[in-house]
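K.L.:
Just dropping this structure here.
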Amino acid sequence: MATETETATPLRTLVARLLLVTVGMFGFGFALVPLYDLFCDVTGLNGKTNTEAFVPVAELIDTSRQITAQFVATNNENMQWEFRPEVFKVKVHPGQEIETTFYARNSSAKEMIGQAIPSVSPGRAAAYFHKTECFCFNQQILTGGEAVDMPLKFIVDRDVPDNVKTITLSYTLFDVTETGVIAVDSLASR
Amino acid sequence: MGDHGPAKGFGRWLFTTNHKDIGSMYLWFSFAMFLLGGVFALVIRAELFQPGLQLVEPEFFNQMTTMHGLVMVFGAVMPAFVGLANWLIPMMVGAPDMALPRMNNWSFWILPFAFAMLASTLFMEGGGPNFGWTFYAPLSTTYAPPSVTYFIFAIHIMGASSIMGSINIIATILNMRAPGMTLMKMPLFVWTWLITAYLLIAVMPVLAGCVTMMLMDIHFGTSFFSAAGGGDPVLFQHVFWFFGHPEVYIMILPAFGVASAIIPTFARKPLFGYASMVYATASIAFLSFIVWAHHMFTVGMPIAGELFFMYATMLIAVPTGVKVFNWVTTMFRGSMTFETPMLFAIAFVILFTIGGFSGLMLAIAPADFQYHDTYFVVAHFHYVLVPGAIFSIFAAVYYWLPKWCGNMYDERLGKAHFWLSFVGLNVTFFPMHFVGLAGMPRRIPDYALQFADFNQIASMGAFLFGFSQVFFLFIVIKTIRGGQKATDEVWDNPEGLEWTVPSPAPYHTFTTPPAVK
Numbered sequence: 000m001a002t003e004t005e006t007a008t009p010l011r012t013l014v015a016r017l018l019l020v021t022v023g024m025f026g027f028g029f030a031l032v033p034l035y036d037l038f039c040d041v042t043g044l045n046g047k048t049n050t051e052a053f054v055p056v057a058e059l060i061d062t063s064r065q066i067t068a069q070f071v072a073t074n075n076e077n078m079q080w081e082f083r084p085e086v087f088k089v090k091v092h093p094g095q096e097i098e099t100t101f102y103a104r105n106s107s108a109k110e111m112i113g114q115a116i117p118s119v120s121p122g123r124a125a126a127y128f129h130k131t132e133c134f135c136f137n138q139q140i141l142t143g144g145e146a147v148d149m150p151l152k153f154i155v156d157r158d159v160p161d162n163v164k165t166i167t168l169s170y171t172l173f174d175v176t177e178t179g180v181i182a183v184d185s186l187a188s189r
Numbered sequence: 000m001g002d003h004g005p006a007k008g009f010g011r012w013l014f015t016t017n018h019k020d021i022g023s024m025y026l027w028f029s030f031a032m033f034l035l036g037g038v039f040a041l042v043i044r045a046e047l048f049q050p051g052l053q054l055v056e057p058e059f060f061n062q063m064t065t066m067h068g069l070v071m072v073f074g075a076v077m078p079a080f081v082g083l084a085n086w087l088i089p090m091m092v093g094a095p096d097m098a099l100p101r102m103n104n105w106s107f108w109i110l111p112f113a114f115a116m117l118a119s120t121l122f123m124e125g126g127g128p129n130f131g132w133t134f135y136a137p138l139s140t141t142y143a144p145p146s147v148t149y150f151i152f153a154i155h156i157m158g159a160s161s162i163m164g165s166i167n168i169i170a171t172i173l174n175m176r177a178p179g180m181t182l183m184k185m186p187l188f189v190w191t192w193l194i195t196a197y198l199l200i201a202v203m204p205v206l207a208g209c210v211t212m213m214l215m216d217i218h219f220g221t222s223f224f225s226a227a228g229g230g231d232p233v234l235f236q237h238v239f240w241f242f243g244h245p246e247v248y249i250m251i252l253p254a255f256g257v258a259s260a261i262i263p264t265f266a267r268k269p270l271f272g273y274a275s276m277v278y279a280t281a282s283i284a285f286l287s288f289i290v291w292a293h294h295m296f297t298v299g300m301p302i303a304g305e306l307f308f309m310y311a312t313m314l315i316a317v318p319t320g321v322k323v324f325n326w327v328t329t330m331f332r333g334s335m336t337f338e339t340p341m342l343f344a345i346a347f348v349i350l351f352t353i354g355g356f357s358g359l360m361l362a363i364a365p366a367d368f369q370y371h372d373t374y375f376v377v378a379h380f381h382y383v384l385v386p387g388a389i390f391s392i393f394a395a396v397y398y399w400l401p402k403w404c405g406n407m408y409d410e411r412l413g414k415a416h417f418w419l420s421f422v423g424l425n426v427t428f429f430p431m432h433f434v435g436l437a438g439m440p441r442r443i444p445d446y447a448l449q450f451a452d453f454n455q456i457a458s459m460g461a462f463l464f465g466f467s468q469v470f471f472l473f474i475v476i477k478t479i480r481g482g483q484k485a486t487d488e489v490w491d492n493p494e495g496l497e498w499t500v501p502s503p504a505p506y507h508t509f510t511t512p513p514a515v516k
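Chains as they are written, first to last, in numbering that gives the first Met the number 0: chain L, 0 to 189; chain B, 0 to 516.
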């Protein structure tokens, strides 16, 4: 058989190492799921809001400036409920806790479970938008025809950059009647 | 021990562990897939010949665009390069065969099975995959036809084939070179395949993870890509393109190796800048891991992300430019002749560079907001893949077929194939730059009226190109069946150990290692 000029790794070892790389990269693909979350936490990029209730430390209200908070409510295409914010915009001071509600009504005839998923624009403002109470932390179970006013309490952090004048909070409502249990677990564990 | 020669009958092919047999099977398989993928393309271009819907329903059109991409990427280009690797790497390094000949056999034979399964999805209830070759979730999860599960299995099998092939290639190159052949004396085709093989074992498993996550979302109630369950469709794009970007370099690096073998022969000058060619290839491979999100500039990334990926993507143009300049410099003051392999190789250098320029335009993130998901992107990747990867495969076949089968191809027919393909592809894909810039979206079965003229031109070019490949099939078969006998060297003083063995190459070569100075 051909010989080597320099010492070669025995074939078995080489193949074992390459297979290890293969398996490792397969695991890496799955690891990307938590790794992205970690990356976003560390860098502050990507702009997701908190998924558990924010506990406010008593802070002074910055009365020198105001930020407009806008609210958008959208149904995912499969979702039949009525879903809208009580008010479409409100002016807030950084540090001030604001309360508002969203109206939802199950306009179908059967019991359904809805899950609201939030999104904030501009993305860089998300880190400064703290929800102390939000209907998006839980699933909403409504019987056929039932309506509810869902509370939302939030504080815009005092450290929000000066050039953020408007923050838009958008909720998309999904139908999770089929997959209810799993969605709760996956949200709670983040 | 006497030479028994190859076995007889179909069993020879089913059970062979010979790298030449397996290389031939890969090449024939890829040719068949190339023609199949080409038929799908012609269905697309026939429908797009005129505005309005004349020939196929939109649902079927989407299956054609999806299958065209899948078959060409995974069935034509990749197996063709693996076939070339199988035939050439052992001979080029002076080895008697690949490191793991039996795994080599399996790497091939699972492919026809996987593609038969994939093609059969077109006949299943709900039709075949219709979500584009990039199969983004949730189109490929929530809204997919039932056949998506077979699609996922087919991808798993193809991935396994590529991974096994790559392990084999790395082991062969690292362990079985003849004495005296140091790494920096290897032919560039071997170098580019060594680097490609590492890329493959790094990213194919990520694709496997991606489709496994899809499988879990579809069948096992997970929410990797579903916002309702706390997941994110954009996660799919990140995981897919982490595979997808290195994948396109996997499809071009062996082409670079082919060009580096052919151009010096017909310029009668050594390749300029061997070491820089190796380092440039390695740089391209490394950079290919950190640019994936340039396929996602419009998903809503923070500006820091857009900037990073834009700068990193533009950086890849530097080592690529080094390679292009080196090929041109090799030809400078060379004593040149223009046989068919050289025609394809020179066209490769020029037209791949043009494809690279449109890629550079796409890399500019703010500009990409206009180009994304238009025909400008289609023009870009077809320029780097067709006169890029495909032309390099044609060049390789014309260059090495006389070594493989012992007969010269007919030079006039070869040149005719070249010119027909050259005109055909340019007529097909150049107009796509303009309709893309003018706003024509991708993946649509019908378009606004202002795009009609250029679409008609593109479709005519496509049929010319497509039928030229049937002509190529005729040329290949004609050559194998008989023709002027080829010498051992075939060409005028080519470099490489493969030219030191007879033409056709004996079933077993380098059973004793050659001396390499």
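All C-beta atoms, glycine included, are put in the ideal place defined by N, C-alpha and C.
With distances taken Cα to Cα, identify the nearest neighbour of V202/B among V422/B, W403/B, L173/B and I249/B.
P.N.:
As a position in the second sequence, residue 202/B is number 203, starting the count at 1. Here the closest residue by C-alpha is I249/B.
K.L.:
Under 8 Å Cβ to Cβ from M183/B, same chain only, skipping five residues before and after it: list those, please.
P.N.:
Counting from one through the second sequence, the residue named residue 183/B turns up at place 184. Here the set comprises Y273, A274 and V277.
K.L.:
Answer with yes or no whether the minimum CB distance from A170/B to chain L is below 8 Å.
P.N.:
Walking along the second sequence from the start, residue 170/B turns up at place 171. Judged by the 8 Å Cβ criterion, A170/B is in contact with chain L.
K.L.:
To the nearest angstrom, how far is it from the Cα of F337/B to the Cα of F347/B?
P.N.:
For the purposes of this step, residue 337/B is identified with residue 338 of the second sequence, where counting begins at 1. For the purposes of this step, residue 347/B is identified with residue 348 of the second sequence, where counting begins at 1. One C-alpha to the other measures close to 14 Å.
K.L.:
In the DSSP assignment, find the alpha helix (DSSP H) that holds A170/B and state where it starts and stops.
P.N.:
The residue labelled residue 170/B in the question sits at position 171 within the second sequence. Taken as a continuous stretch (DSSP letters only), the alpha helix (DSSP H) holding A170/B covers V147 to N174.
K.L.:
Going along the chain, which residues of its own chain have a beta-carbon closer than 6 Å to the beta-carbon of N199/L, five neighbours each way excluded?
P.N.:
No answer is possible for residue 199/L: it lies beyond the span of chain L, which begins at 0 and ends at 189.
K.L.:
Scan the region 372-420 of chain B and note each continuous alpha helix (DSSP H) run of 4 residues or more that stays entirely inside, going in chain order.
P.N.:
Within the region 372-420 of chain B, the complete alpha helix (DSSP H) runs of at least 4 residues are 374-383 and 390-404.
K.L.:
Identify the continuous alpha helix (DSSP H) that holds S169/L and give its terminal residues.
P.N.:
Taking the first residue of the first sequence as position 1, residue 169/L is located at position 170. That residue, S169/L, is in no alpha helix (DSSP H); its beta strand (DSSP E) goes T165 to D174.
K.L.:
Using a Cβ cut-off of 9 Å, which residues of the region 198-228 of chain B contact any Cβ in chain L, in chain order?
P.N.:
Per Cβ criterion, the list reads I200, A201, V202, M203, P204, V205, L206, A207, G208, C209, T211, M212, G220, T221, S222, F223, S225, A226, A227 and G228.
K.L.:
So, are the CB atoms of A378/B and F296/B less than 8 Å apart?
P.N.:
In the second sequence, residue 378/B corresponds to position 379, counting from 1. In the second sequence, residue 296/B corresponds to position 297, counting from 1. Contact flag unset, no.
K.L.:
Using a threshold of 8 Å, state whether the C-beta atoms of L10/L and A388/B are closer than that.
P.N.:
Position 11 of the first sequence, counting from 1, holds the residue named residue 10/L. Position 389 of the second sequence, counting from 1, holds the residue named residue 388/B. Against a cut-off of 8 Å, the Cβ pair of A388/B and L10/L comes out as no contact.
K.L.:
Run the CB neighbour count on T193/L, radius 10 Å, all protein chains shown included, and call it buried at 16 or more, exposed below.
P.N.:
Missing from the structure shown is residue 193/L; chain L here goes from 0 to 189 and no further.
K.L.:
Identify, in the order they occur along the chain, each residue of the same chain with its Cβ nearer than 7 Å to the Cβ of V412/B, setting aside the five sequence neighbours on each side.
P.N.:
Position 413 of the second sequence, counted from the first residue, corresponds to residue 412/B. Reading off the sequence, residue 412/B comes out as Leu, not Val. The residues are I474.
K.L.:
Establish whether the CB of M0/B and some CB of chain L are separated by less than 8 Å.
P.N.:
Looking up residue 0/B in the second sequence gives position 1. Legend: pLDDT at M0/B = 44, less than 50; position of this residue unreliable, no value from coordinates given.
K.L.:
Could you name the residues of the region 141-170 of chain B whose beta carbon sits closer than 7 Å to any beta carbon of chain L, in the order they occur along the chain?
P.N.:
So the close ones are I162, I166, I169 and A170.
K.L.:
For M215/B, list the residues DSSP reports as bridge partners.
P.N.:
Counting from 1 along the second sequence, the entry for residue 215/B is found at position 216. None, per the DSSP bridge assignment.
K.L.:
Please go through the region 423-477 of chain B and give each complete beta strand (DSSP E) segment of 3 or more residues, from N-terminal end onward.
P.N.:
As far as the region 423-477 of chain B is concerned, it has no whole beta strand (DSSP E) run of at least 3 residues.
K.L.:
Please state if the CB of V89/L and the CB of A68/L are separated by a distance shorter than 8 Å.
P.N.:
Walking along the first sequence from the start, residue 68/L turns up at place 69. Walking along the first sequence from the start, residue 89/L turns up at place 90. Closer than 8 Å, so yes.
K.L.:
Return the chain-ordered list of same chain residues with a C-beta closer than 6 Å to the C-beta of P501/B, the five sequence neighbours on each side being excluded.
P.N.:
Here residue 501/B refers to the residue found at position 502 when the second sequence is read from its first residue. For P501/B, where only same-chain residues beyond five positions count, the Cβ hits under 6 Å are D487.
K.L.:
In whole angstroms, give me the CA-to-CA distance for E124/B and P145/B.
P.N.:
Your numbering for residue 124/B matches position 125 in the second sequence. Your numbering for residue 145/B matches position 146 in the second sequence. About 7 Å.
K.L.:
Exposed or buried, S334/B, counting other C-beta atoms within 10 Å across all chains shown (16 or more means buried)?
P.N.:
On the second sequence, residue 334/B is found 335 positions in, with the first residue counted as 1. Exposed, since its Cβ has fewer than 16 Cβ neighbours within 10 Å.
K.L.:
Answer yes or no: does any C-beta atom of chain L fall closer than 8 Å to that of N104/B?
P.N.:
For the purposes of this step, residue 104/B is identified with residue 105 of the second sequence, where counting begins at 1. Closer than 8 Å: no.
K.L.:
Can you name, in chain order, every residue of its own chain whose Cβ lies under 6 Å from the Cβ of L436/B, other than the five neighbours on each side?
P.N.:
Taking the first residue of the second sequence as position 1, residue 436/B is located at position 437. Here the set comprises F375.
K.L.:
How about F38/L: is its C-beta nearer than 8 Å to some C-beta of chain A?
P.N.:
The displayed structure is made up of protein chains L and B, and chain A is not among them.
K.L.:
Is V189/B helix, strand or coil when you go by DSSP?
P.N.:
Counting from 1 along the second sequence, the entry for residue 189/B is found at position 190. Reduced to three states, the DSSP call for V189/B is helix.
K.L.:
By the 8 Å beta-carbon criterion, what residues does the region 171-188 of chain B contribute toward chain L?
P.N.:
Flagged, chain order: L173, N174, M175, R176, A177, P178, G179, M180 and T181.
K.L.:
With three or more beta-carbon pairs closer than 8 Å as the criterion, would you say the region 121-141 of chain B touches the region 90-99 of chain B?
P.N.:
Judged by Cβ distances under 8 Å, the region 121-141 of chain B makes no contact with the region 90-99 of chain B, as fewer than three pairs qualify.
K.L.:
Could you give the distance in angstroms between the alpha-carbon of F265/B and the alpha-carbon of P386/B?
P.N.:
The residue given as residue 265/B occupies position 266 in the second sequence. The residue given as residue 386/B occupies position 387 in the second sequence. For F265/B and P386/B, the distance between alpha carbons rounds to 19 Å.
K.L.:
What residues of chain B sit near Q197/L, judged by a beta carbon separation below 7 Å?
P.N.:
Nothing can be reported for residue 197/L, as the shown portion of chain L is limited to 0 through 189.
K.L.:
Express the C-alpha separation of T42/L and K322/B in angstroms, rounding to a whole number.
P.N.:
Residue mapping note: residue 322/B aligns to position 323 of the second sequence, counting from 1. Residue mapping note: residue 42/L aligns to position 43 of the first sequence, counting from 1. In a straight line, the C-alpha of K322/B is about 36 Å away from that of T42/L.
K.L.:
Give me the chain L residues within the contact set of P501/B, using Cβ-Cβ distance strictly less than 9 Å, ordered along the chain.
P.N.:
Translated into positions along the second sequence, residue 501/B becomes position 502. None at all; the shortest Cβ gap to chain L is about 20 Å.
K.L.:
Just mark E58/L as buried or exposed, buried being the case when its beta carbon has 16 or more other beta carbons within 10 Å.
P.N.:
The residue you call residue 58/L lines up with position 59 of the first sequence. Exposed, because fewer than 16 other Cβ atoms sit within 10 Å of the Cβ of E58/L.
K.L.:
In the DSSP output, what is E98/L paired with across the bridge?
P.N.:
Residue mapping note: residue 98/L aligns to position 99 of the first sequence, counting from 1. Note: E98/L sits in a beta bridge opposite K152/L.
K.L.:
Does the count of Cβ pairs from the region 68-83 of chain B and the region 441-458 of chain B closer than 8 Å reach three?
P.N.:
In short, these stretches do not touch, since the Cβ pair count stays below three.
K.L.:
Does chain B have any CB closer than 8 Å to the CB of Y127/L?
P.N.:
Position 128 of the first sequence, counting from 1, holds the residue named residue 127/L. Chain B contact via Cβ: absent.
K.L.:
Is the CB-CB distance between H416/B and F462/B below 8 Å?
P.N.:
Position 417 of the second sequence, counting from 1, holds the residue named residue 416/B. Position 463 of the second sequence, counting from 1, holds the residue named residue 462/B. Against a cut-off of 8 Å, the Cβ pair of F462/B and H416/B comes out as no contact.
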